[in-house]
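Let me begin by presenting the structure, written as structure tokens, before commenting on it.
Chains as they are written, first to last, in the numbering used here: chain L, 5 to 269; chain E, 1051 to 1179.
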């Protein structure tokens, strides 16, 4: 009976996950910021027990790793934009702990992969083990240490992270935190109007939109207002427990929406 | 010279941005979608909802924007969620002419806006028809 409960709990947990897949079958691990791509990549290695080739992609950049027993065994291939002479020498070579030159080349390669932009996806394929050693490979813990990744780091709130990324594009913002505090950044020129949007007109508009579109997610970003000369745009963003108003130059709409997509998943 | 229809113009725009699944040209004053370009067939209810959403964003509070420090309404409106981004553009010369773009979150918004605005103005001015 207890065993059945356990299985039921696991099935419920699986059903509750909101894993996203692309049309090519790739699984989205990170929208780009949350969770941090390297943390997501290491978690994927840590969850791989059988021998597999994990093909990680960020836009056009590819890093294919050979993984088994929760350890990184080797590099299968990389896209040309992140390849160097040092990393080419590592292709299909068994990785071993204690080899500093190997680890340095691998770390430099992963740095370049991390600097690529866009969501991180993974595809899994069966493969063959590089070399013949049974005990080869690098543990996730040693990789996390070498790459300065905190595997247990709790992500900040999506809205807070969104505002952080928008930072340099913003002229000003107001944010209502989960505990009801109002945080103000940047210009205070339109403080009273922004407060009205945050507390009244923004939520009313969101309510109106959700009345039209059934199943509108709780996380939403809306913009439709501007300044008299059209130079400045205003956006209202809200999640289940936070809200914010952002003021930014009209030319930055694309950057604001990119930041939104990277942080809401 | 080959004349381009509104439909061709919208198809061409959508083909440049695979993350944009549908584009609709609408008359905001009549709240009616006139032409669509879409990967999948859009049901009438979905088209009506698009027009209602645009109307609320652009005309919501008696012609003033709910999201403006001065009450001025932008000619670009957006509703973004984790599932997708709806972009709404009003023509510069004829604010009732509206372009609705339904996109996945990965779309290059800046690139799409840069292409969509001239397309809307071409359609609105009667350059394509």
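Using N, Cα and C, we set each Cβ at its ideal position, and we do this for glycine too. Quick caveat: nothing in here was measured; it's all calculated off a predicted structure.
Beta bridge counterpart(s) of residue i as assigned by DSSP
i                       : result
residue 1135 of chain E : E/1130 and E/1153
residue 242 of chain L  : L/224 and L/247
residue 1103 of chain E : Residue 1103 of chain E is not bridged to any residue.
residue 48 of chain L   : Paired residues: none, contrary to the question.
residue 1173 of chain E : Residue 1173 of chain E is not bridged to any residue.
residue 1083 of chain E : E/1076
residue 95 of chain L   : L/79
residue 24 of chain L   : L/32
residue 1088 of chain E : E/1072
residue 1122 of chain E : L/230
residue 237 of chain L  : L/230 and L/252
residue 1147 of chain E : E/1077
residue 190 of chain L  : L/176
residue 219 of chain L  : DSSP lists no partner for residue 219 of chain L.
residue 1093 of chain E : According to DSSP, residue 1093 of chain E bridges with nothing at all.
residue 100 of chain L  : L/141
Per-residue contacts from residue i into chain L (C-beta, under 7 Å)
i                       : result
residue 1143 of chain E : By Cβ distance, chain L contributes nothing, its closest Cβ being about 15 Å from residue 1143 of chain E, past 7 Å.
residue 1086 of chain E : Within 7 Å Cβ-Cβ: nothing; residue 1086 of chain E doesn't reach chain L, min ~18 Å.
residue 1155 of chain E : 265
residue 1146 of chain E : Under the 7 Å cutoff, chain L gives no residues; its nearest Cβ is about 16 Å from residue 1146 of chain E.
residue 1133 of chain E : 221
residue 1102 of chain E : 216
Pair within 9 Å by beta-carbon distance, residue i and residue j
i                       : j                       : result
residue 99 of chain L   : residue 86 of chain L   : no
residue 112 of chain L  : residue 88 of chain L   : yes
residue 246 of chain L  : residue 180 of chain L  : yes
residue 1138 of chain E : residue 1095 of chain E : no
residue 186 of chain L  : residue 1107 of chain E : no
residue 1070 of chain E : residue 1170 of chain E : no
residue 101 of chain L  : residue 142 of chain L  : yes
residue 123 of chain L  : residue 33 of chain L   : yes
residue 37 of chain L   : residue 267 of chain L  : yes
residue 76 of chain L   : residue 126 of chain L  : no
residue 120 of chain L  : residue 26 of chain L   : no
residue 109 of chain L  : residue 93 of chain L   : yes
residue 252 of chain L  : residue 194 of chain L  : no
residue 157 of chain L  : residue 43 of chain L   : yes
residue 1098 of chain E : residue 1147 of chain E : no
residue 1072 of chain E : residue 1064 of chain E : yes
residue 151 of chain L  : residue 250 of chain L  : no
residue 241 of chain L  : residue 264 of chain L  : yes
residue 130 of chain L  : residue 220 of chain L  : no
residue 1168 of chain E : residue 1134 of chain E : no
residue 1100 of chain E : residue 1083 of chain E : yes
residue 1075 of chain E : residue 1149 of chain E : yes
residue 1159 of chain E : residue 224 of chain L  : no
Where residue i meets chain E, residues with beta-carbon distance less than 8 Å
i                      : result
residue 257 of chain L : 1126, 1128, 1159, 1160 and 1163
residue 239 of chain L : 1117 and 1128
residue 198 of chain L : 1119
residue 224 of chain L : 1129, 1130 and 1131
residue 194 of chain L : 1119
residue 33 of chain L  : Simply none; closest approach about 14 Å.
residue 212 of chain L : 1106 and 1110
Neighbouring residues, chain E, relative to residue i (Cβ below 7 Å)
i                      : result
residue 264 of chain L : 1130
residue 1 of chain L   : The shown model of chain L, from 5 to 269, leaves out residue 1 of chain L, and the question about it has no answer.
residue 235 of chain L : What residue 235 of chain L touches in chain E: nothing, since even the nearest Cβ is about 11 Å away.
Residue range of the alpha helix (DSSP H) that includes residue i
i                       : result
residue 1067 of chain E : Where residue 1067 of chain E is concerned, there is no enclosing alpha helix (DSSP H), given that its DSSP letter is neither H nor E.
residue 293 of chain L  : A query on residue 293 of chain L cannot be resolved here, the shown segment of chain L reaching from 5 to 269 and no further.
residue 76 of chain L   : Unbroken run through residue 76 of chain L is the beta strand (DSSP E), 75-82; no alpha helix (DSSP H).
residue 165 of chain L  : 162-170
residue 144 of chain L  : 144-150
residue 203 of chain L  : Premise fails: residue 203 of chain L is in no alpha helix (DSSP H) and is neither H nor E.
residue 263 of chain L  : 257-267
Contact list for residue i against chain L, beta-carbon separation under 8 Å
i                       : result
residue 1108 of chain E : 228
residue 1123 of chain E : 228, 229 and 230
Span of the beta strand (DSSP E) around residue i
i                      : result
residue 185 of chain L : Premise fails: residue 185 of chain L is in no beta strand (DSSP E) and is neither H nor E.
residue 69 of chain L  : 65-72
residue 177 of chain L : 176-180
residue 129 of chain L : 124-129
residue 58 of chain L  : 56-62
Contact list for residue i against chain E, beta-carbon separation under 9 Å
i                      : result
residue 39 of chain L  : Those within 9 Å of residue 39 of chain L in chain E number zero; the least Cβ separation is about 15 Å.
residue 253 of chain L : By Cβ distance, chain E contributes nothing, its closest Cβ being about 12 Å from residue 253 of chain L, past 9 Å.
residue 201 of chain L : 1116, 1117, 1118 and 1119
Chain-ordered chain L contacts of residue i [CB-CB under 9 Å]
i                       : result
residue 1099 of chain E : 216, 217 and 218
Below-9 Å beta-carbon distance, residue i vs any chain C residue
i                       : result
residue 1138 of chain E : The chain labelled as chain C is not found among the protein chains of the depicted structure, namely L and E.
Practice prompt. For the stretch 227-240 of chain L and the stretch 253-269 of chain L, state whether three or more C-beta atom pairs, one from each stretch, are separated by less than 8 Å.
Written response: yes
Worksheet item: How about the stretch 144-153 of chain L and the stretch 57-73 of chain L: do they share at least three Cβ pairs that are nearer than 8 Å?
Response: no
Worksheet entry | Cβ contact check for the stretch 1054-1066 of chain E and the stretch 44-53 of chain L: 3 or more pairs under 8 Å | Between the stretch 1054-1066 of chain E and the stretch 44-53 of chain L, the count of Cβ pairs shorter than 8 Å is below three; the stretches do not touch.
Discussion item. With three or more C-beta pairs closer than 8 Å as the rule, is the stretch 1082-1094 of chain E touching the stretch 183-203 of chain L?
Written reply: no
Fill in: the stretch 223-234 of chain L contacting the stretch 1118-1129 of chain E, beta-carbon criterion three pairs below 8 Å
yes
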